[in-house]
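Quick note: to get this note's numbering, add 742 to the position in the sequence shown (first position is 1).
Note that the Cβ used here is the ideal one computed from N, Cα and C, for glycine as well.
These notes are about the structure you will find just below.
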Amino acid sequence: MASNKQLLIISHTPSTNTRAMAAQLFSGAKNAQENQVTIRQLSPMDCNTADILHADALILLTTENLGYMAGATKDLFDRIYYDVLEAKQGLPYALVVRAGIDGTGCTRAVESICSGLGWRRAQERRLCQGDWQDHFKQDCFDLGQLMAASLALGII
Ligand SMILES: Cc1cc2nc3c(=O)[nH]c(=O)nc-3n(C[C@H](O)[C@H](O)[C@H](O)COP(=O)(O)O)c2cc1C
């Protein structure tokens, strides 16, 4: 039976590799509970306050650029922060960072903002760091599946 729960995947994908990761997040989520959770996927640039307000859980995929989260991801937070602050306390989220070298600054910054928003980290962060590894795709598939299943079961 369909439920009205929605998992929103917000993915910044400036490269072939990050597009593959985003696709796997979506596929994993679909694979878990296709009929029980609505899965949406947006670029942060196309995401707005209403999208966050309608979401029951989020997966954030961003790159690290210049020691911080990608500008597109930061711009999303800048636009929605105060509009969702009160309504989305406790919103469960999962974070995936693709960082060619490091990832520390990006991870710290995203988690700090999410903490300020009162969002709840539902899964350990996935830091896909260094040279490209094919298992990053499986990691993303698994995370998508886990988040969708957890949402369907009401455990996040
Ligand atoms: C302008 C620019 C700045 C970057 N800065 C960082 C950085 O500070 N830390 C890091 O780990 N990777 C950095 N990278 C690498 C990106 O994180 C990486 O290219 C991106 O995640 C895409 O991954 P891919 O190369 O596997 O497609 C940077 C890339 C660009 C284009």
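Would the beta-carbon of Cys870 fall within 7 Å of that of Leu767?
no
Of the choices Lys772, His754, Val826, whose alpha-carbon is the least far from that of Leu784?
His754
Please state the DSSP three-state secondary structure of Glu806.
strand
Option in Ala841, His796, Asn777 with minimal Cα separation from Asn807:
Ala841
Specify, as a first and last residue, the run of the alpha helix (DSSP H) that Lys830 falls within.
Segment: none, Lys830 is in no alpha helix (DSSP H) and carries neither H nor E.
Look at Pro786 and Ala814 and say whether their C-beta atoms are less than 7 Å apart.
With contacts defined as CB atoms closer than 7 Å, Pro786 and Ala814 qualify as a contacting pair.
Alpha carbons only, please: which of Gln887, Ile752, Lys747 is nearest the one belonging to Val852?
Of Gln887, Ile752, Lys747, the residue nearest in Cα terms is Ile752.
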